[in-house]
Amino acid sequence: MSSSPTTPILAHQFEDATQQRDAATIGMWLFIATEILFFGGMFLGYTVYRYTYPQAFAEGSQHTLIWFGGTNAAVLLISSTTMALAVHAASENRRALLVSLLLGTASLGALFLVIKGFEYAHEVKENLLPGSSFHIVAAEPLKAEMFFYIYWLMTGFHALHVAIGVVLILIFAARAFFTNAFVNHDTPVDLLGLYWHFVDIVWVFLFPLLYLVDRHS
Amino acid sequence: MRQLFSFIFPDQASNLAPSVDAIFFALVVLCSVITLLVFVVALFFCVRFRRGSKVDRTPPKGGTLRFEIAWTLIPFFVFCGLFFWAADVYFAMSRPPGGATEIHVVGKQWMWKIQHPDGRREINELHVPVGRPVQLIMTSEDVIHDFFVPAFRAKQDVVPGRYTTEWFTPTKPGRYHLFCSQYCGTNHSTMVGWVYVMEPAEHARWLNQVAVSESLVAEGERHFHSRGCSGCHAPNSQIHAPLLEGIYGKPVPLSDGTIVIADEQYLRDSILLPNKQVAAGYEPIMPTFQGRISEEEVNAIVAYLKHLTDSERSQQ
Amino acid sequence: MNANASAVRTYILTEIALLGLLALTICVAYLNLGLLNPIIAGAISVTSATLIILNFMHVRHSKPLLWIFVAAGFFWLGIMFALALSDFLTRHWR
Amino acid sequence: MSAVPMQAAPQYAPALQPTYLNVQRTIRSWLLTTDHKRIALLYMVSITFFFFVGGVAATLMRLELLTPRAELVTSETYNKLFTIHGVVMLWFFLIPSIPTVLGNFLVPLMIGARDVAFPRLNLASWYLFMVGGAFTLFSIITGGVDTGWTFYTPYSSTYSNGHVVAMAAGIFIAGFGSIATGLNFIVTVHTMRAPGLTWWRLPIFIWSLYTTSIILVLATPVLAITLALMALERIFGVGFFNPAIGGDPLLFQHLFWFYSHPAVYIMILPGMGVVSELIPCFSRRPLFGYKFVAVASVAIGVLGFLVWGHHMFVSSQSIYAGMIFSILSFMVSIPSAIKVFNWTATLYKGSIRFQTPMLYALFFIGLFTIGGLTGLFLACLAIDVHVHDTYFVIAHFHYIMVGGMVMAYLGGIHFWWPKITGRMYPELPAKLAALTVFLGFNLTFFPQFILGYLGMPRRYPVYAPEFQVLNVLSTAGASILAVGYLLPLTYLLWSLRYGRIATPNPWEATGLEWTTHSPPPKDNFETTPLVTAGAYKYDSQAAEAQREVAHV
Ligand code: HEA
Ligand code: HEA
Ligand code: CUA
Ligand SMILES: [Cu+2]
């Protein structure tokens with residue numbers, strides 16, 4: 000902390016560093032608000048159809064691989080912690096720690112995608128991908144198809160966000176390793192963290208909604 | 000004068016028209032008054048306080064609060080009044096009276112197919128007698144359409160996958176436009192037709208003009224047998240399926256514990272999406288008929304199932 | 000150093016709580032509680048999300064202004080749900 | 000007059016200091032600029048282009064409607080025309096109009112900042128807008144789309160044959176441009192205000208744009224996901240809204256209008272903001288009920304999210320939901336009423352001048368009032384059953400959008416033209432143009448109210464012969480209107496070269512933007528201004544006194 004090779008870069012439109020930091024944080028939270036509403040549209044659809052077709056949703060949900068989904072939930076939650084620690088490391092200018100924690104987070108994100116990939120592959124094999132080849136033994140195959148449509152849609156959009164996150168984290172890790180871009184300037188890492196935690200929150204909701212409908216029956 | 004009026008104002012040919020028009024005229028008066036008020040006041044200020052005119056410009060004393068309160072509260076109360084009036088009429092417009100003649104309407108790109116209870120069919124034309132309430136039970140084979148008769152002030156979207164209803168009592172004989180007013184593709188603007196409102200006698204004559212072989216109920220009964228419904232739903236069937244006599248309008252317990260009233264929508268869904276709501280105590284083995292049977296056949300079967308109830312009631 | 004350790008401790012404790020909640024939600028799903036099932040699952044998700052927002056995303060120590068921005072997204076989502084469901088839930092009333 | 004310190008502007012010295020226009024002169028310096036003022040000009044040029052694209056479509060539609068049969072163009076073409084017209088006019092002209100042109104130019108100037116908070120994001124949003132526009136133009140040129148701007152499913156997702164996906168992609172991309180702009184403004188207003196510029200000292204224009212931005216940020220993502228879902232359904236054949244697998248077409252409508260109703264307030268709030276600047280300035284009076292007008296803006300923005308279902312009164316949504324949406328629609332009208340009355344009251348005891356911007360402002364009040372009041376007809380459940388999807392609706396929204404917002408946009412452009420370009424526009428042609436637009440506009444759209452109540456449905460290239468007379472009137476009006484819109488284009492371009500050189504504050508207006516040079520230097524202000532008083536410190540008595548002195 001004592002050594003400060005670079006002072007934070009202040010863009011010309013700002014008066015001081017606090018102003019710049021506040022602006023960035025508010026901006027990021029606004030972006031997260033847009034993301035909430037973006038996913039919100041799909042959550043609304045989910046709610047409406049689950050209310051209308053409770054049976055089909057229960058049946059569809061039985062066909063999802065709960066241990067894959069559950070493991071993934073744990074993976075993302077842990078990666079959130081490593082991300083929080085990484086942000087903390089950045090705020091203390093501990094570069095080596097920051098780099099390794101970012102890499103750890105990225106690996107966990109990648110692990111999530113790998114597990115999700117196996118899950119998808121399994122589902123494609125089982126003909127659970129909506130479309131002409133969709134087939135399910137259920138009382139209401141058409142409504143179950145709706146369930147799986149929603150499943151693919153929401154997990155797909157979520158996986159896209161995870162993938163973007165992993166790429167961003169890797170870029171940040173590289174910058175932290177090769178340059179001192181984040182020394183005394185941890186706002187970007189902070190924002191990256193916010194994004195990653197948001198992605199985690201989405202899964203916190205998706206997991207019970209998609210995997211745990213009427214598991215007991 | 001009259002002619003000018005009819006040039007700018009549509010016919011009033013149903014029971015709904017006067018009540019809708021009453022609100023309309025009230026609003027026209029109210030809004031004209033407000034518009035005039037705003038315009039006159041603004042113009043007056045513009046002229047009087049134009050630059051260079053010799054008037055007193057000392058800033059007015061006192062706060063603005065009382066004005067603000069006035070022009071918040073006055074609109075508020077006016078709006079509440081308007082809302083209740085219009086909502087009351089709307090409520091009546093959405094709830095058909097008992098005993099209305101039920102006519103089935105199927106919209107498809109780009110025509111209206113109409114089935115009368117006596118089995119008579121029409122395309123893009125609807126003949127109804129004056130003075131009797133008519134209820135349209137409508138659905139669509141493809142996209143959303145909308146059954147709009149300006150002279151009746153009646154309009155309702157026709158949505159695929161479900162029944163919507165619209166009702167009116169024609170009050171004036173004549174020929175009135177029927178428009179599709181929900182955009183539905185290339186020939187949306189030619190998905191139009193005529194509604195003929197006839198004196199009862201004339202209507203009876205029209206009914207007798209062409210003999211129809213079978214009523215809608217009879218047609219439905221025929222489909223009920225030919226489509227194999229009776230194979231399961233007959234009293235002597237080997238398969239455990241509910242008897243459908245008297246089901247219409249009754250509460251049906253479902254397997255998920257809820258209870259629904261068996262209305263048209265329920266009957267329709269039971270045929271097309273049988274597993275949407277499974278009757279309690281039965282296996283969900285009924286096959287879906289979606290895609291295998293046309294909307295008109297469904298309508299006929301629904302009419303038949305409803306008739307089963309009516310005849311049962313009349314026997315009691 | 001002290002502040003540092005306490006921050007790290009918060010993260011670890013939060014993490015343990017989150018994993019516990021995850022286990023809990025899975026277990027509860029296998030019990031048949033009727034209507035309570037979705038309600039409990041929802042409550043657990045909301046709790047987890049709140050933990051993440053407050054501790055991982057540092058909202059707990061942020062200015063009140065930021066709380067407004069955090070709440071805004073959820074508030075508007077609530078509007079969307081409330082009014083859209085006012086249609087879907089009352090459609091069959093007569 | 001100049002009791003306010005912010006008026007003590009540095010003397011105008013055109014030759015000494017480069018303005019934002021001539022610091023750099025290469026094309027590259029324009030295309031890669033992060034200066035909010037230059038981005039505003041990029042937007043101005045782009046949306047003017049799109050306005051004429053939409054205008055040509057409108058012209059062709061009105062010509063077609065001269066006769067009751069589809070003679071000029073086929074039904075298919077007509078359907079594509081109104082889709083182009085609606086999509087281009089809304090998403091590529093009206094929604095960006097005041098926010099991205101005047102907003103980008105003025106927000107930093109009005110709050111005494113050097114730029115917006117995220118200048119590069121600002122430029123990115125223009126590129127998103129242009130890429131979105133390119134997609135849309137592509138879909139138009141390669142055959143068009145015939146869904147209407149509302150894209151109702153299942154028609155758009157299953158039955159329509161056009162390039163729906165390309166057009167949806169265009170709107171989707173431009174939507175992210177909107178979000179970026181809105182986000183930028185919110186952050187800018189929160190963090191970059193000059194010292195002393197408290198919330199209650201902000202001009203109403205800033206309040207309006209702030210509220211607009213909230214809507215942009217919170218509503219646009221819902222449009223994005225809705226269009227994405229529609230497009231996915233079209234591509235893969237399965238989806239949310241498909242009745243074949245139990246999907247509900249009404250869900251699409253809910254999601255669509257959740258965005259699109261608030262969007263209509265995106266289209267009017269900035270106009271209200273402009274008018275709230277113009278009226279006080281030209282009547283030399285402080286804005287009547289400043290705080291109420293400010294709060295009313297925010298109230299419109301928030302309540303505007305609660306009423307979307309009024310577009311679905313006959314869609315077979317629950318009648319109880321219909322009632323909720325109806326009463327809420329009335330409630331959202333109250334803040335608009337507050338504004339109209341406050342503007343009118345501002346005129347009282349003023350010293351009113353009638354330069355072109357003021358004419359536009361007065362027209363705005365009148366036409367917005369008519370448009371808004373007819374909105375009340377539509378919010379009345381029973382009446383909407385009759386007039387839904389008829390020309391009554393068309394007239395309603397053109398009164399607000401063309402009679403209101405376009406007037407406000409033109410008024411604002413004239414008002415700030417000296418600041419933007421450093422030149423005055425010529426007064427006489429401008430007044431003539433304003434009158435032409437006003438007359439043409441009313442002749443075009445007033446007959447449509449009557450047509451609507453008579454029952455002429457919208458989106459009808461073929462219509463019943465008894466509607467012809469009124470349609471001919473409307474088309475006649477539209478041609479006057481077209482002339483009215485071509486006039487400003489010509490004399491404003493003319494003024495770039497031959498207009499009188501503008502002083503820093505030709506209207507003797509208050510507001511920080513008038514304290515700097517015309518056109519402003521690259522960093523807006525020589526020193527960060529210090530604000531010690533609220534907006535609109537006008538004094539009609541002083542203005543009169545000054546006039547007398549000048550005349551003696
Ligand atoms: C800028 C755009 C804009 C604005 C600001 C508005 C403002 C309003 N709109 Fe409009 N509207 C549209 C654009 C807009 N609208 C569009 C584009 C459509 C059609 C979309 C499509 O289908 O393609 C539409 C459609 C539309 C409908 C659906 C019609 C239908 O399809 O069936 C309804 C129904 O309620 C409605 C209502 C209102 C109301 C109540 C307001 C209110 O906000 C108006 C408030 C203003 C006032 C009321 C005037 C000022 C008040 C006074 C002077 C005081 C009055 C005092 C008393 C009465 C006591 N609008
Ligand atoms: C910002 C929004 C905006 C604006 C500015 C306008 C401007 C105009 N609109 Fe538009 N309109 C909409 C938004 C807008 N409209 C929307 C959203 C719809 C619904 C679409 C749908 O149903 O999906 C609609 C629908 C609509 C219809 C109904 C179509 C139908 O339902 O069948 C009509 C019909 O008259 C119409 C007319 C006009 C006219 C005459 C103008 C005029 O003000 C335009 C004047 C401008 C010009 C005329 C351009 C300048 C002059 C020239 C370019 C001259 C040179 C031209 C040639 C040589 C050809 N509009
Ligand atoms: Cu059918 Cu329009
Ligand atoms: Cu609306």
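Protein chains in written order, with numbering that gives the first Met the number 0: chain H, 0 to 216; chain C, 0 to 315; chain D, 0 to 93; chain W, 0 to 551. Quick reminder that beta carbons are idealized off the backbone N, C-alpha and C, glycines included.
Check your understanding: So, helix, strand or coil for residue 155 of chain C, using DSSP?
Key -> For residue 155 of chain C, the secondary structure class from DSSP, reduced to helix, strand or coil, is strand.
Check your understanding: Can you name, in chain order, every residue of its own chain whose Cβ lies under 7 Å from the Cβ of residue 443 of chain W, other than the five neighbours on each side?
Key -> 473, 476, 477, 480
Point to revise | Contact set, ligand 3 heavy atom to C-beta under 5 Å | key: C/144, C/179, C/183, C/187, C/190
Practice item. Express the C-alpha separation of residue 91 of chain H and residue 178 of chain H in angstroms, rounding to a whole number. Key: Here the alpha carbon of residue 178 of chain H sits roughly 16 Å from the alpha carbon of residue 91 of chain H.
Practice item. Return yes when the C-beta of residue 162 of chain W is under 7 Å from any heavy atom of ligand 4, and no when it is not. Key: No, the Cβ of residue 162 of chain W stays beyond 7 Å of every heavy atom of ligand 4.
Review point. Would you say residue 308 of chain W reaches chain D, if we count a Cβ-Cβ gap shorter than 8 Å as a contact?
Key: yes
**Study point:** Contact with chain H by residue 116 of chain W, beta-carbon distance below 8 Å
**Key:** yes
Check your understanding: Listed in chain order, which residues of the segment 175-200 of chain H have Cβ atoms closer than 8 Å to some Cβ of chain W?
Key -> none
Exercise for review: May I have the straight-line CA-CA distance separating residue 547 of chain W from residue 525 of chain W, to the nearest angstrom?
Suggested key: 34 Å
Exercise for review: Pull up the distance between the alpha-carbon of residue 0 of chain D and that of residue 9 of chain D, whole angstroms please.
Suggested key: With a pLDDT of only 44 at residue 0 of chain D, under the threshold of 50, the placement of this residue in the model should not be trusted; the figure read from the coordinates follows. Rounded to whole angstroms, residue 0 of chain D to residue 9 of chain D spans 14 Å at the Cα level.
Review point. Can you name, in chain order, every residue of its own chain whose Cβ lies under 8 Å from the Cβ of residue 158 of chain W, other than the five neighbours on each side?
Key: none
**Study point:** Given residue 24 of chain C as reference, the closest of W/279, W/452, W/521 once Cα atoms are compared
**Key:** W/452
Check your understanding: Got a sec? Which residues, its chain only, sit under 7 Å from residue 92 of chain W by beta carbon, not counting five neighbours each side?
Key -> 46, 49, 50, 53
Check your understanding: Nearest-angstrom Cα distance between residue 170 of chain C and residue 152 of chain C?
Key -> The C-alpha of residue 152 of chain C is placed about 12 Å away from the C-alpha of residue 170 of chain C.
Check your understanding: Between residue 85 of chain D and chain W, is there a C-beta pair that is closer than 8 Å?
Key -> yes
Exercise for review: Under 8 Å Cβ to Cβ from residue 191 of chain C, same chain only, skipping five residues before and after it: list those, please.
Suggested key: Scanning its chain for C-beta atoms nearer than 8 Å, with the 5 sequence neighbours on each side dropped, one finds around residue 191 of chain C the residues 123, 176, 177, 178, 179, in chain order.
**Study point:** Residue closest to residue 97 of chain H, alpha-carbon to alpha-carbon, out of H/136, H/183, H/149, H/67
**Key:** H/183
Practice item. Thinking residue 31 of chain H and residue 193 of chain H are a contact (beta carbons under 8 Å), I'd like their distance in whole angstroms, please. Key: 7 Å
Practice item. Measure the CB-CB distance between residue 124 of chain W and residue 85 of chain W and report whether it falls below 8 Å. Key: no
Practice item. Please determine if the segment 101-117 of chain W and the segment 138-154 of chain W are in contact, where contact requires at least 3 C-beta pairs separated by less than 8 Å. Key: Counting Cβ pairs under 8 Å, fewer than three are found: no touch.
Check your understanding: Quick one: does residue 25 of chain H have its CB under 8 Å from some CB of chain W?
Key -> So yes, residue 25 of chain H belongs to the interface.
**Study point:** Rounded separation between residue 544 of chain W and residue 509 of chain W - CA only
**Key:** 18 Å
Check your understanding: In chain W, what lies closer than 7 Å to residue 93 of chain C by C-beta?
Key -> 318
**Study point:** Spatial distance of residue 47 of chain C from residue 410 of chain W (CA atoms)
**Key:** 23 Å
Practice item. Compute every distance between the C-beta of residue 306 of chain W and the non-hydrogen atoms of ligand 4, then say whether any falls below 7 Å. Key: yes
Exercise for review: Closer than 8 Å by C-beta to residue 482 of chain W: which residues in its own chain qualify, once you throw out the five before and the five after it? Chain order, please.
Suggested key: 435, 439
Exercise for review: Please report how far the alpha carbon of residue 22 of chain W lies from the alpha carbon of residue 518 of chain W, in whole angstroms.
Suggested key: 12 Å
Point to revise | Endpoints, alpha helix (DSSP H) assigned at residue 465 of chain W | key: Careful: residue 465 of chain W lies outside any alpha helix (DSSP H) and carries neither H nor E.
Review point. Which of helix, strand or coil does DSSP assign to residue 49 of chain D?
Key: In the three-state scheme derived from DSSP, where H, G and I count as helix and E and B as strand, residue 49 of chain D is classed as helix.
Check your understanding: Under a CB-based cut-off of 8 Å, is residue 303 of chain C close to chain W?
Key -> no
Point to revise | residue 178 of chain W (DSSP reduced to helix, strand or coil) | key: helix
Review point. Out of C/39, C/53, C/119, which has the shortest C-alpha to C-alpha gap to residue 218 of chain C?
Key: Of C/39, C/53, C/119, the residue nearest in Cα terms is C/119.
Exercise for review: Following the continuous alpha helix (DSSP H) through residue 101 of chain C, name the residue where it begins and the one where it ends.
Suggested key: Unbroken run through residue 101 of chain C is the beta strand (DSSP E), 100-107; no alpha helix (DSSP H).
Exercise for review: Could you check the C-alpha separation between residue 76 of chain D and residue 304 of chain W for me, to the nearest Å?
Suggested key: CA-to-CA, the gap between residue 76 of chain D and residue 304 of chain W works out to about 11 Å.
Practice item. Taking 8 Å as the threshold, find out whether the segment 96-108 of chain W comes into contact with the segment 178-192 of chain W through three or more Cβ pairs. Key: yes
**Study point:** Buried or exposed by the 16-neighbour rule on C-beta atoms within 10 Å, applied to residue 252 of chain W
**Key:** buried
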